[in-house]
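Visitor:
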Amino acid sequence: QQQQQQQQHEKKKDDDDDRDNKEEKEKDDNDRKKQNYGIYMTCSSLILIIHLLFEKLVRRENSFWFPYLSILPSSYTTSAHLTPTQLDQLQSPSLMKEARKLVDEAFCVYHYGLVPFLHDDDDDDDDVNSIWPAHLHPSYDDFLWAWSVLQTRGCYLSYKDSCDVMLPSPSPS
Numbered sequence: 012q013q014q015q016q017q018q019q020h021e022k023k024k025d026d027d028d029d030r031d032n033k034e035e036k037e038k039d040d041n042d043r044k045k046q047n048y049g050i051y052m053t054c055s056s057l058i059l060i061i062h063l064l065f066e067k068l069v070r071r072e073n074s075f076w077f078p079y080l081s082i083l084p085s086s087y088t089t090s091a092h093l094t095p096t097q098l099d100q101l102q103s104p105s106l107m108k109e110a111r112k113l114v115d116e117a118f119c120v121y122h123y124g125l126v127p128f129l130h131d132d133d134d135d136d137d138d139v140n141s142i143w144p145a146h147l148h149p150s151y152d153d154f155l156w157a158w159s160v161l162q163t164r165g166c167y168l169s170y171k172d173s174c175d176v177m178l179p180s181p182s183p184s
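Numbers given in our numbering equal positions in the sequence shown, counted from 1, plus 11.
This is the structure we're talking about:
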């Protein structure tokens with residue numbers, strides 16, 4: 012009986028260690044995502060997303076860009092919009108992997124890039140809320156719309172150790 016109690020104690024300890032290791036791994040993964048996607052605060056992608064959302068949600072009809080924004084699709088069905096159930100139903104493992112990567116990337120850019128930008132609590136004079144009222148802050152769906160505009164309408168060039176940049180279309184000769 013004493014040996015059984017010892018085995019149960021060791022099993023419980025192992026289970027606790029496994030749980031602690033899993034929680035630590037999840038925390039490390041989240042920290043790594045924050046570091047990896049924190050760079051988007053200085054990238055053209057996030058800057059363009061912020062600009063699109065500000066023009067669409069805040070300036071609306073008063074925006075110089077309103078005519079262009081009004082002809083864009085109101086919704087998209089890109090892989091970044093897939094639910095976990097829809098992702099699981101994809102037939103190709105490589106397609107599933109790439110789709111999950113896009114979903115994760117969009118999620119991280121929103122939560123570790125856009126949300127911190129909008130909720131910057133520094134006591135700067137240039138407070139975001141002074142020009143972008145909190146009740147007009149974009150939802151995740153709004154963000155996915157802007158993300159999809161960029162993904163479906165941009166041409167990107169990657170610089171070594173840098174962010175993607177959106178290339179302008181060539182001007183007519």
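Where a beta carbon is used, it is the ideal one built from N, C-alpha and C, also for glycine.
In the structure shown, what three-state DSSP assignment does Pro-149 receive?
Guide: Against the sequence shown, residue 149 aligns to sequence position 138. Coil, per DSSP.
Visitor: Which complete alpha helix (DSSP H) runs does the segment 71 to 131 hold, if anything under 4 residues is left out?
Guide: 77 to 82, 95 to 99, 104 to 120 and 126 to 129
Visitor: Going by beta carbon distance, what residues of the same chain come within less than 7 Å of Met-5, once the five residues before and after it are set aside?
Guide: Coverage of the chain is limited to positions 12 through 184, which leaves residue 5 absent and any answer about it impossible.
Visitor: Using CA coordinates, which residue listed in Glu-21, Trp-76, Leu-147 and Tyr-121 is at the minimum distance from Ser-56?
Guide: Mapped onto the sequence shown, residue 56 falls at position 45. The residue with the shortest Cα to Cα distance from Ser-56 is Tyr-121.
Visitor: With a CB to CB cut of under 6 Å and the five nearest residues on each side skipped, what residues in its chain are close to Tyr-87?
Guide: Your numbering for residue 87 matches position 76 in the sequence shown. In chain order, Ser-159 place their CB closer than 6 Å to the CB of Tyr-87, counting only its own chain and leaving out the 5 sequence neighbours on each side.
Visitor: Report the rounded CA-to-CA distance for Asp-26 versus Gln-14, giving the unit in angstroms.
Guide: Taking the sequence shown and counting its residues from 1, the one referred to as residue 26 is at position 15. Taking the sequence shown and counting its residues from 1, the one referred to as residue 14 is at position 3. Each residue's CA atom was taken as its position, placing Asp-26 and Gln-14 some 18 Å apart.
Visitor: According to DSSP, is Trp-158 part of a helix, a strand, or is it coil?
Guide: Walking along the sequence shown from the start, residue 158 turns up at place 147. Looking at Trp-158 - three-state DSSP - the assignment turns out to be helix.
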